[in-house]
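Sequence positions in the sequence shown follow this note's numbering and run 126 to 214. Idealized CB from N, CA, C, for every residue including glycine.
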Amino acid sequence: MSQKERKQKRIKKIMDDAAKALEAEGVKYFIGVTDREPKKPTEGQVYIQSDVQGEDFCYILDFALPTRQDLINMGIWLGQIIKSREKKK
Numbered sequence: 126m127s128q129k130e131r132k133q134k135r136i137k138k139i140m141d142d143a144a145k146a147l148e149a150e151g152v153k154y155f156i157g158v159t160d161r162e163p164k165k166p167t168e169g170q171v172y173i174q175s176d177v178q179g180e181d182f183c184y185i186l187d188f189a190l191p192t193r194q195d196l197i198n199m200g201i202w203l204g205q206i207i208k209s210r211e212k213k214k
């Protein structure tokens with residue numbers, strides 16, 4: 126097993142443990158981790174674990190994007206994702 130694979134396994138375990146603790150508290154959770162590769166920014170990893178449904182996601186966005194400019198930036202970013210997915214087809 127490579128060093129990268131061991132790191133991935135450790136990150137997933139941390140997230141699993143956090144999810145179990147949050148479930149025991151009776152709360153919904155959204156856990157996200159970004160592992161960037163500074164030398165190759167296109168080769169980073171994102172890990173997400175969640176029991177949040179679509180209708181709950183607005184709470185996360187409201188907290189994470191408190192200003193109008195944050196929402197504008199998110200809209201631009203989502204537009205770029207949609208365009209890139211259309212190009213892949």
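Contact between the region 176-184 and the region 141-156 is defined here as three or more beta-carbon pairs at a separation below 8 Å; is this criterion met? yes
Check: Is Ile136 near Tyr172, with beta carbons less than 8 Å apart?
Finding: yes
### Any alpha helix (DSSP H) of 4 or more consecutive residues that is wholly inside the region 174-203
Segments of the alpha helix (DSSP H) lying fully in the region 174-203: 182-189.
Check: Closest by CA to Gln174, which one among Arg210, Asp141, Ile201 and Lys165?
Finding: Asp141
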